[in-house]
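Novice: Chains as they are written, first to last, in the numbering used here: chain A, 13 to 124; chain E, 11 to 123.
C-beta: ideal position from N, C-alpha, C; glycine also.
Owing to the predicted nature of the structure, the values given are computational and were not obtained by experimental measurement.
The structure follows.
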Amino acid sequence: SQQGEEDPQALSIQEGENATMNCSYKTSINNLQWYRQNSGRGLVHLILIRSNEREKHSGRLRVTLDTSKKSSSLLITASRAADTASYFCGIPPGDSSYKLIFGSGTRLLVRP
Amino acid sequence: DTGVSQDPRHKITKRGQNVTFRCDPISEHNRLYWYRQTLGQGPEFLTYFQNEAQLEKSRLLSDRFSAERPKGSFSTLEIQRTEQGDSAMYLCAIPGATNEKLFFGSGTQLSVL
């Protein structure tokens, strides 16, 4: 299965701290994507990192990809209460469908 | 605004009833995806369309489920004889211009009593 698995399942931090969550996967990938989901809403795309990239930044987000370890990490720096959400990694299965397979997510709570 | 509208936002039904959800992409795209998400889990792929053709169905999509995309624009997902296990958020998504990232609607939350 191409399904990514996020770790930890839940994370609680104080506002201003950094939050790191990880995603592991099983087979070769072309890209890996991170999404955010607020309670009761749909997923929102955050960042896409390709297999030939090792690190990517977007605002307070930093994503790394280690294809040798088949893992990725999402770092949110200087967290805010508004960052409270669930975060998912999405992996395309490599066929022609372009669908994404998601893990169970990391539930992040940022305490004010 | 993700460019994907889903209706209704919430649906409460009794076991055994039929329900239908609708997904309306604001912009045209040849692909459209349906996912199901249960509490505390990630979205699970159900099916996708290339224009009006349904090209792949997950084994999660039992014969009580049917999806259509009659004109290659909006899509409907119908569940017949609902069961309590069908209670979930049903999400619709369309890809971006490069067919890589997905844009999701806000979903339809189904509760089967």
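Hey, how far is the Cα of residue 76 of chain E from the Cα of residue 89 of chain A?
Specialist: If I take the Cα positions, the gap works out to 43 Å.
Novice: Tell me where the beta strand (DSSP E) around residue 103 of chain A begins and ends.
Specialist: Where residue 103 of chain A is concerned, the enclosing beta strand (DSSP E) stretches over 97-103.
Novice: Grouping DSSP H, G and I as helix and E and B as strand, with all else coil, what is residue 93 of chain A?
Specialist: Here residue 93 of chain A sits in helix by DSSP.
Novice: Kindly list, in the order they appear in chain A, the residues whose Cβ is closer than 9 Å to that of residue 116 of chain E.
Specialist: Neighbours of residue 116 of chain E on chain A, chain order: 52, 53, 54.
Novice: For residue 71 of chain E, which residues in the same chain have their Cβ closer than 8 Å to its Cβ, ignoring the five residues on either side in sequence?
Specialist: Cβ neighbours of residue 71 of chain E beyond the five flanking positions: 56, 57, 77.
Novice: Mind checking which residues open and close the beta strand (DSSP E) that includes residue 70 of chain A?
Specialist: Per DSSP, residue 70 of chain A belongs to the beta strand (DSSP E) from 67-70.
Novice: Could you tell me which residues DSSP puts in a beta bridge with residue 58 of chain E?
Specialist: E/43, E/66.
Novice: By how many angstroms is the C-alpha of residue 117 of chain E removed from the C-alpha of residue 93 of chain E?
Specialist: Cα to Cα, the separation comes out at about 19 Å.
Novice: Just to confirm my understanding: we take residue 36 of chain E, look at its own chain, exclude 5 residues before and 5 after, and list those with CB closer than 6 Å. What are they?
Specialist: Excluding sequence neighbours, residue 36 of chain E sits near 13.
Novice: Does any CB atom of chain E fall closer than 8 Å to the CB of residue 99 of chain A?
Specialist: No, because no Cβ of chain E sits closer than 8 Å to the Cβ of residue 99 of chain A.
Novice: Would you say residue 87 of chain E and residue 112 of chain A are within 8 Å of each other, going by their C-beta atoms?
Specialist: Against a cut-off of 8 Å, the Cβ pair of residue 112 of chain A and residue 87 of chain E comes out as no contact.
Novice: Can we say the segment 34-46 of chain A touches the segment 85-102 of chain A, given the rule of at least three CB pairs closer than 8 Å?
Specialist: Yes, they touch.
Novice: State the CB to CB distance for the pair residue 123 of chain A and residue 21 of chain A, rounded to an integer number of angstroms; the pair is presumed to be in contact (CB under 8 Å).
Specialist: Their Cβ separation, rounded to whole angstroms, is 18 Å, which puts residue 123 of chain A and residue 21 of chain A out of contact at 8 Å.
Novice: Where does residue 13 of chain A sit, in a helix, a strand or coil, going by DSSP?
Specialist: For residue 13 of chain A, the pLDDT reaches just 46, beneath the cut-off of 50, and the residue's location in the model is therefore unreliable, although a value from the coordinates is still provided. Reduced to three states, the DSSP call for residue 13 of chain A is coil.
Novice: Below 8 Å on the Cβ atoms is my contact criterion, and I expect residue 123 of chain E with residue 96 of chain E to pass it. Report the Cβ-Cβ distance as a whole number of Å.
Specialist: Not quite, the Cβ-Cβ distance comes to about 11 Å (not below 8 Å), so this is no contact.
Novice: Determine the chain A residues that contact residue 13 of chain E at a beta-carbon separation under 9 Å, and present them in chain order.
Specialist: What residue 13 of chain E touches in chain A: nothing, since even the nearest Cβ is about 11 Å away.
Novice: Roughly how many whole angstroms lie between the Cα atoms of residue 121 of chain A and residue 15 of chain E?
Specialist: When rounded, the distance between both Cα atoms is 28 Å.
Novice: Could you check if residue 113 of chain A belongs to the surroundings of the ligand COA, using beta carbon to heavy atom distance under 7 Å?
Specialist: Only the bare structure without any ligand can be found here, which leaves the ligand COA out of the picture.
Novice: Would you mind working out which of A/71, A/106, A/52 sits nearest residue 19 of chain E, comparing C-alpha positions?
Specialist: Ranking the options by Cα distance to residue 19 of chain E, first place goes to A/52.
Novice: Roughly how many angstroms separate the alpha carbons of residue 81 of chain E and residue 47 of chain E, rounded to a whole number?
Specialist: Distance between the alpha carbons of residue 81 of chain E and residue 47 of chain E is about 26 Å.
Novice: Does DSSP put residue 35 of chain E in a helix, in a strand, or in coil?
Specialist: Three-state result, residue 35 of chain E: strand.
Novice: In chain A, what lies closer than 8 Å to residue 113 of chain E by C-beta?
Specialist: Simply 57.
Novice: Residues in the segment 83-112 of chain E with C-beta within 7 Å of chain A's C-beta atoms, listed in sequence order?
Specialist: Flagged, chain order: 101, 105, 109, 110, 111, 112.
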